[in-house]
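Q: The following block contains the structure, expressed as structure tokens.
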Amino acid sequence: MEPFVYFETYRVPVCKKCEFACVANEVPTHLQTRHREIPSAERRKVAEVISNISGVIKDQLGLEEFRFPPPTISSVAFLAPPKPDGLKCRKCPYIVKHLKKIKAHCHNCQHWNNPQSRGRPRQVTSELQVELPWKEGVLCQRFFPSRRASGWFEVGRKTAAYARVGKPIRTAVDAPSAQSQLNPEMRAHLREVLEREKGYLNAETQPRFYSKALGGDSFASTSLWLERTQWPTTYRNVRRDILQAMTRLPVRAKVSSVGTDYVLGQGPSEGDPDIMISGKDEEKISCFLSAIDIMLDRCELTAQNTSRVLLCWLASSRLDIYQAKPFTLKVEENTRKRYRLLWKRFIAFTLRACLLPDATRERELKIRLDTQIASQVRHLWEHHAWQHIDMTKPDWPKTRRWNHESHERKRYSYGDIDIDIFNHDENLHSSDIGSLFGEESSNDYEISEDDEDYFEESERESDFDDWMSDVGSRDAPDVSLSHRDSGDESSCEAAVESAEEFLELLFELSLLLSMEDFEDGQPGSALLVYFSGVLGFSPDCRRFQLAREYCPNLSGLIWVQRLLFLEYALPLHSYPALGVQKRPQFPMQRLNEVRQKYMVQGSLSPLAELHNLRNFGQKVAKTEPPPFLLRWSDDGNVVSYGNYFTLSMQEFRGLAEHFIARAEELCDELMFGFEPNLDINRIKDDFTNAQPGFSFVNHPNNNFDAMYQDLLVQQLLRIFGK
1 MEPFVYFETY RVPVCKKCEF ACVANEVPTH LQTRHREIPS AERRKVAEVI
51 SNISGVIKDQ LGLEEFRFPP PTISSVAFLA PPKPDGLKCR KCPYIVKHLK
101 KIKAHCHNCQ HWNNPQSRGR PRQVTSELQV ELPWKEGVLC QRFFPSRRAS
151 GWFEVGRKTA AYARVGKPIR TAVDAPSAQS QLNPEMRAHL REVLEREKGY
201 LNAETQPRFY SKALGGDSFA STSLWLERTQ WPTTYRNVRR DILQAMTRLP
251 VRAKVSSVGT DYVLGQGPSE GDPDIMISGK DEEKISCFLS AIDIMLDRCE
301 LTAQNTSRVL LCWLASSRLD IYQAKPFTLK VEENTRKRYR LLWKRFIAFT
351 LRACLLPDAT RERELKIRLD TQIASQVRHL WEHHAWQHID MTKPDWPKTR
401 RWNHESHERK RYSYGDIDID IFNHDENLHS SDIGSLFGEE SSNDYEISED
451 DEDYFEESER ESDFDDWMSD VGSRDAPDVS LSHRDSGDES SCEAAVESAE
501 EFLELLFELS LLLSMEDFED GQPGSALLVY FSGVLGFSPD CRRFQLAREY
551 CPNLSGLIWV QRLLFLEYAL PLHSYPALGV QKRPQFPMQR LNEVRQKYMV
601 QGSLSPLAEL HNLRNFGQKV AKTEPPPFLL RWSDDGNVVS YGNYFTLSMQ
651 EFRGLAEHFI ARAEELCDEL MFGFEPNLDI NRIKDDFTNA QPGFSFVNHP
701 NNNFDAMYQD LLVQQLLRIF GK
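Here the UniProt record's numbering is used: the first residue of the sequence shown is 1, the next is one more, and so on.
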């Protein structure tokens with residue numbers, strides 16, 4: 001269960017490293033965001049063990065009846081150690097750490113009014129004579145840093161002498177020297193100043209503050225890399241923690257459970273509700289993203305049936321220069337999946353941007369949402385295909401229109417096709433850019449401190465396994481069409497057709513995002529370029545990544561865009577919903593038209609910008625510090641890599657012996673302990689024999705053909721002991 005420990009008394013697991021509790025359904029998210037060093041398989045095992053504990057609180061609803069420990073308890077182990085900085089109401093158990101909050105509470109609870117009126121001279125003896133309606137210096141802890149049951153509770157009432165009623169925390173203002181030199185008015189003024197300073201320092205640790213604090217005049221913004229990317233300018237005074245949260249893939253809830261709301265970050269100001277996406281919308285986004293795989297499968301089918309010459313021109317970033325190496329789909333499977341995941345994250349980012357209220361999107365995030373893109377997202381979000389989809393299941397239903405057609409190369413009727421995918425059925429789209437369903441509903445949650453570094457790790461190449469644990473594999477069960485079991489073939493056919501139409505509109509959305517114009521010639525105004533910059537945030541959003549860390553993300557976005565533009569220019573199959581026909585018989589002219597406008601260097605398009613940025617980043621990366629530094633001991637016998645490992649020269653010299661011994665063990669196991677009497681010098685080979693499958697094992701002079709029979713006899717003797 002590491003790093004968790006379960007408290008049967010309170011029915012919640014507590015993370016020993018983070019020093020706060022989690023409900024069972026939020027354990028997978030906690031492990032993924034805060035403990036990524038733990039292997040994904042182990043994280044899943046820990047989450048499963050906790051979920052199967054009898055009586056454990058599963059979700060936020062289970063915290064409604066949560067009972068706090070009595071104030072006489074010394075402290076709760078593994079929670080953050082208690083500090084004597086709590087302010088407790090004398091009439092009820094309410095505890096906070098902010099003076100304004102306790103004053104407001106006491107005004108409502110005890111009908112207390114501040115004797116110091118605003119704008120009047122401070123009374124000299126008021127603070128010394130009037131007893132405050134709250135206690136100061138209370139030792140307190142809490143289980144949860146945000147949302148339900150996140151209140152502070154008192155501990156150590158019997159042992160904390162400094163927590164007596166009415167006795168304040170000892171500060172320099174209360175020292176004997178200050179008592180003799182400062183009058184009560186001056187001391188009260190200093191206490192107020194120190195309280196403001198404490199509040200300011202506390203605010204600096206909140207994501208709503210530090211995620212916007214990086215300015216263009218900082219030392220970190222003086223490198224050639226940041227001058228080229230213009231990230232300090234683009235993301236100045238922007239909630240980078242929320243932007244980073246918007247790029248994450250949805251975490252699927254269990255089939256039997258209801259998806260929880262996805263908290264993007266704290267509200268704009270202290271006391272504002274958290275910015276979040278509803279659990280129902282997250283389920284829909286998850287199902288939405290599963291359709292991207294089918295869309296890209298269709299694009300890959302087109303690439304597989306495209307000639308090598310056309311693929312070479314597709315890979316070239318210059319209009320009149322032929323690229324010798326073609327655009328290829330034959331990349332490693334993990335790389336191909338990672339590229340797809342990048343595009344899914346971009347679509348998730350776009351959907352969440354449309355779901356957010358206008359004020360949040362424009363003021364806090366400064367996202368410019370194109371009218372046409374917003375209309376297309378709305379059209380997809382409200383598409384009639386959703387009536388036939390079970391959103392609690394992981395995959396989009398399989399289509400059959402183009403999957404069942406022949407995949408052989410065909411001869412098409414001649415004719416240059418002018419593909420216009422942007423003018424069809426415009427009356428279906430709304431020009432309203434705002435939130436798809438209006439402003440977010442209010443909630444009773446307090447400010448989320450649990451999510452202030454919710455996304456501690458940026459998703460780079462090495463994080464692929466963790467992302468795969470979120471989205472699952474493509475081999476998951478298919479999504480069922482709701483009418484499939486009804487026996488109504490016409491309804492089933494309509495469901496399949498609506499799903500196919502949805503996929504075509506999703507392809508159109510991907511093209512709109514890839515073809516978005518730059519406002520005033522600024523690349524950052526395009527949503528795809530803006531998203532690519534978010535991938536360059538550090539895990540804590542306090543700095544930007546180096547070129548060496550960042551550039552692998554660009555390769556995935558470039559690869560997917562080339563695939564989309566090939567499908568746009570030369571589709572293997574038609575798109576009836578978009579009015580797009582198959583590729584022409586002589587496709588070179590059409591491909592060059594698309595390349596000139598969107599793909600070659602100098603064009604004002606996201607693909608050209610990202611390609612140029614990657615080329616620049618590869619050059620800058622050579623001047624950056626290395627990713628790690630080795631340190632030698634003074635005697636030159638030990639080499640160290642930070643605090644991660646050390647290697648002595650004696651251990652290094654024994655490395656070869658270790659591998660030889662291990663190889664001998666494996667060989668003995670494979671040979672069942674049989675040691676043939678072979679003279680290696682007499683083994684023959686024929687290097688002129690080009691017959692497929694031939695090797696020295698097949699050479700007749702070596703007599704190896706029947707040696708497997710000796711191995712069989714040796715194994716039988718071992719089994720039966722003869």
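From the three backbone atoms N, C-alpha and C, an ideal C-beta is built for every residue, glycine too.
Owing to the predicted nature of the structure, the values given are computational and were not obtained by experimental measurement.
I373 and E270 look like a contact to me (Cβ under 8 Å); what is the Cβ gap, rounded to whole Å?
A: Actually they do not touch by this definition, with Cβ atoms about 34 Å apart.
Q: Expressed to the nearest angstrom, what Euclidean distance is found between the alpha-carbon atoms of Y412 and A47?
A: Residue confidence is low: Y412 scores 33 on pLDDT, short of 50, so the model does not pin down where it sits. Its coordinate-derived value is still stated next. Approximately 55 Å between the Cα atoms of the pair.
Q: Compute the Euclidean distance between the alpha carbons of K212 and L314, then round it to the nearest angstrom.
A: Straight-line Cα distance between these residues: approximately 40 Å.
Q: Please tell me whether I292 and W343 are closer than 8 Å, where the distance is taken between their beta carbons.
A: Their beta carbons are under 8 Å apart, which means I292 touches W343 by this criterion.
Q: Could you name the residues of the same chain whose beta carbon sits closer than 7 Å to that of residue 734, not counting the 5 residues immediately before and after it, in chain order?
A: The question about residue 734 has no answer here: the residues shown for the chain are numbered 1 through 722.
Q: Is it the case that the Cβ atoms of residue 725 and V620 are separated by a distance below 8 Å?
A: Here the chain covers residues 1 to 722 and nothing more, so residue 725 does not appear.
Q: So the alpha helix (DSSP H) E136 belongs to, where does it begin and stop?
A: Here E136 belongs to no alpha helix (DSSP H); instead the beta strand (DSSP E) covers 134-141.
Q: So the alpha helix (DSSP H) I285 belongs to, where does it begin and stop?
A: 279-304
Q: Nearest to Q589 by CA position, among N237, L566, P576, H611, is which residue?
A: L566
Q: Can you tell me which of the three DSSP states F645 falls into?
A: strand
Q: Since I believe T229 is in contact with G602 (beta carbons under 8 Å), could you give me their beta-carbon distance rounded to a whole number of angstroms?
A: The distance from the Cβ of G602 to that of T229 is about 19 Å, inconsistent with a contact at the 8 Å cut-off.
Q: At the level of alpha carbons, what is the spacing between L190 and C89?
A: 24 Å
Q: Taking C-alpha atoms, which residue in L670, N702, P692 lies nearest to L711?
A: L670
Q: Could you name the residues of the same chain whose beta carbon sits closer than 7 Å to that of Q244, not counting the 5 residues immediately before and after it, in chain order?
A: F455, V534, F537, C541
Q: Could you tell me which uninterrupted alpha helix (DSSP H) segments, each at least 4 residues in length, are contained entirely in the segment 513-588, listed from first to last along the chain?
A: 527-534, 547-569
Q: Do the segment 576-592 and the segment 325-334 make contact, defined as three or more Cβ pairs closer than 8 Å?
A: no
Q: Sort N701, L591, A608 by Cα distance to G524 and report the nearest one.
A: A608
Q: Which value, in whole angstroms, describes the spacing of the CA atoms of L63 and K101?
A: 23 Å
Q: First and last residue of the alpha helix (DSSP H) that includes Y339?
A: 333-355
Q: Could you compute how far the alpha carbon of R67 sits from the alpha carbon of E8?
A: Taking the straight line joining both Cα atoms gives about 12 Å.
Q: Do E192 and G86 have their beta-carbon atoms positioned less than 8 Å apart in this structure?
A: no
Q: If you run the structure through DSSP and keep just helix, strand and coil, what is E19?
A: coil
Q: Measuring CA to CA, which of V251, T335, S316 is closest to P326?
A: S316
Q: Excluding the 5 residues flanking R336 on each side, which residues of the same chain have their C-beta closer than 8 Å to its C-beta?
A: L329, listed in sequence order.
Q: Taking 8 Å as the threshold (C-beta atoms), are F78 and V12 in contact?
A: no
Q: My output table needs one value for L79: the three-state DSSP class, helix, strand or coil.
A: coil
Q: Can you check which of these residues, L513, W134, N25, V594, is closest to S375 by C-alpha distance?
A: L513
Q: Count the other CB atoms within 10 Å of the CB of S510; is the residue buried (16 or more) or exposed (fewer)?
A: buried
Q: Specify the secondary structure class of C312 as computed by DSSP and reduced to three states.
A: helix
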